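Notes for the one structure printed next.
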Amino acid sequence: MTHYFTDNWDNVQNFQAKPDDILIATYPKAGTTWVSHMLDLLYFGKSSPERAASLPIYDRVPFLEICVPSIPTGVELIGKMTTSPRLIKTHFPVQFVPKSFWEQKCRVFYVARNAKDNVVSYFHFDRMNSVQPESGDWPSYLQRFHQGKMAFGSWYDHVKGWWEKKQSYPNLLYLHYEDLAEDIDRELDRVCSFLGVRPTEEERRQVIGGVGFDAMKKNSMANYSTFEAMDFKISPFMRKGKVGDWKNHFTVYQNEMFDKEYQEKMRNTTLRFRTEI
Ligand code: A3P
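Per the UniProt record's numbering, the very first residue in the sequence shown carries number 1; after that it's consecutive.
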């Protein structure tokens with residue numbers, strides 16, 4: 001963890017969830033913004049279109065644990081929300097989630113992305129975001145990824161921890177970035193049936209149209225261009241949005257080493273990922 005995500009620890013841990021709160025949990029760069037924008041459009045796109053047109057994604061779906069000087073904390077932002085359900089984002093590994101979410105039996109989405117694309121996306125994010133630790137060069141970044149020395153810790157522990165939680169907590173839907181990329185209509189149907197919502201055909205079309213990569217990249221309320229800590233000249237937030245971009249970054253040797261580490265660390269789980277579709 002870095003201090004921006006631990007400075008408000010007690011307030012975060014004592015956070016009182018409401019039963020209809022919806023938590024969107026991810027390891028950073030796994031598709032948080034994609035699913036956040038999707039859920040926001042699903043619930044509010046029709047009833048209050050001005051919301052998505054005027055509020056950046058980080059205000060519509062506050063980041064629970066964030067505590068950065070000169071902007072409201074995540075807990076403060078959530079406290080001021082008057083709409084329901086409240087959509088809340090977290091990057092916490094499962095064991096750090098405030099217990100009221102479980103007590104209130106809140107619906108929870110977990111979005112996971114294959115490790116290779118996830119680490120590439122995280123590398124570019126750490127290069128461009130002053131709130132994140134320095135990225136260093138790519139080879140050393142890959143090493144740190146395996147050691148779990150990243151903000152929010154080990155990708156392996158994160159995806160596996162949440163996968164285990166899913167086995168005992170039925171209100172958790174575990175989504176994969178690759179599935180969203182492969183067939184967004186199908187995934188939207190899964191999301192709707194999990195939530196028990198029935199959008200009209202027009203509402204569905206509006207959501208699907210709004211969450212396309214190009215639409216989100218152009219949309220200043222979804223693409224983080226209004227967030228000061230990010231330098232888009234180094235790398236845009238909506239960077240490529242592809243499955244398989246890792247092939248443009250890994251050398252053959254790095255790929256072999258990665259596969260070795262991966263097999264070892266994923267030995268004890270039934271969780272599977274696709275690195276291409
Ligand atoms: P890339 O860096 O690979 O482009 P997060 O929201 O968790 O920070 O994840 C950001 C990653 O999700 C970025 O990946 C971004 O481009 C991708 N992403 C965001 N919206 C997307 C969309 N609508 N379709 C595909 N990828 C999307």
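The beta-carbon is built from N, C-alpha and C at its ideal position, and this holds for glycine as well.
Nothing here was measured: the structure is a model prediction, and the numbers come from that model.
Same chain only: Cβ atoms within 8 Å of residue i, ignoring 5 sequence neighbours per side
i      : result
Tyr27  : His91, Ala112, Arg113, Asn118, Phe152, Trp155, His158 and Val159
Asp59  : Leu77
Glu187 : Leu175, Asp179 and Leu180
Contacts around residue i, its chain only, beta-carbon distance under 6 Å, and the 5 residues preceding and following it disregarded
i      : result
Phe101 : Ala17 and Leu23
Phe5   : Glu65
Minimum C-alpha distance to residue i - residue among the options
i      : options                           : result
Val97  : Glu50, Asp137 and Asn14           : Asn14
Ile57  : Pro72, Glu202, Asn219 and Ala30   : Asn219
Lys240 : Lys217, Thr251 and Ser225         : Lys217
Ile184 : Arg204, Phe232 and Val131         : Arg204
Asn255 : Val120, Val94, Asp7 and Thr33     : Val120
Thr275 : Ala25, Gly244, Thr2 and Ser47     : Gly244
Ile208 : Met38, Gly136, Glu182 and Lys166  : Met38
Glu202 : Ser135, Asp179, Ser47 and Thr32   : Ser47
Tyr262 : Asp189, Glu164, Asp214 and Gly148 : Gly148
Lys29  : Phe125, Gly212 and Gly136         : Phe125
Val75  : Val61, Ser84 and Pro85            : Val61
Pro139 : Asn11, Asp259, His249 and Arg190  : His249
Thr82  : Arg190, Gln206 and Arg51          : Arg51
Trp34  : Tyr253, Met221 and Lys166         : Met221
Lys265 : Asp20, Ser135 and Phe145          : Phe145
Beta-carbon separation (whole angstroms), residue i vs residue j, contact threshold 8 Å
i           : j      : result
Lys99       : Thr32  : Between Thr32 and Lys99 the Cβ distance is about 22 Å, and since that is not below 8 Å, they are no contact.
residue 279 : Ser235 : Only positions 1 to 277 of the chain appear in this structure, which leaves residue 279 out of reach.
Leu180      : Phe109 : Incorrect: roughly 11 Å between the Cβ atoms, too far for contact.
Cβ shell of residue i (< 7 Å), same chain only, five flanking positions each side left out
i      : result
Ala215 : Gly209
Phe237 : Asn223, Tyr224 and Met230
TODO: Run through the stretch 63-91 for me and flag every whole alpha helix (DSSP H) of 4 or more residues, listed as ranges in chain order.
DONE: Complete alpha helix (DSSP H) runs here, min 4: 74-79.
Open item on the list: Could you tell me which whole beta strand (DSSP E) segments of length 3 or greater appear in the stretch 141-194?
Closed with: Qualifying beta strand (DSSP E) stretches, in chain order: 172-176.
TODO: Would you mind listing the alpha helix (DSSP H) stretches within the stretch 91-137 that are 4+ residues and don't spill past its ends, in chain order?
DONE: 99-103 and 115-128
Open item on the list: Quick check: the stretch 30-44 against the stretch 191-199, are at least 3 beta-carbon pairs closer than 8 Å?
Closed with: yes
Open item on the list: With three or more beta-carbon pairs closer than 8 Å as the criterion, would you say the stretch 110-127 touches the stretch 158-168?
Closed with: yes
Open item on the list: Is it the case that the stretch 165-178 contacts the stretch 98-107, given that we only count it when at least three CB pairs across the two stretches are under 8 Å?
Closed with: yes
Open item on the list: Contact between the stretch 64-71 and the stretch 260-273 is defined here as three or more beta-carbon pairs at a separation below 8 Å; is this criterion met?
Closed with: As far as the Cβ criterion goes, the stretch 64-71 does not touch the stretch 260-273, which means the pair count is below three.
- [ ] Pair every Cβ in the stretch 123-142 with every Cβ in the stretch 225-237, then say whether three or more of these pairs are closer than 8 Å.
- [x] yes
Open item on the list: Going residue by residue through the stretch 6-68, where are the continuous alpha helix (DSSP H) segments of at least 4 residues, counting only ones entirely within it?
Closed with: 9-13, 32-44, 49-54 and 57-60
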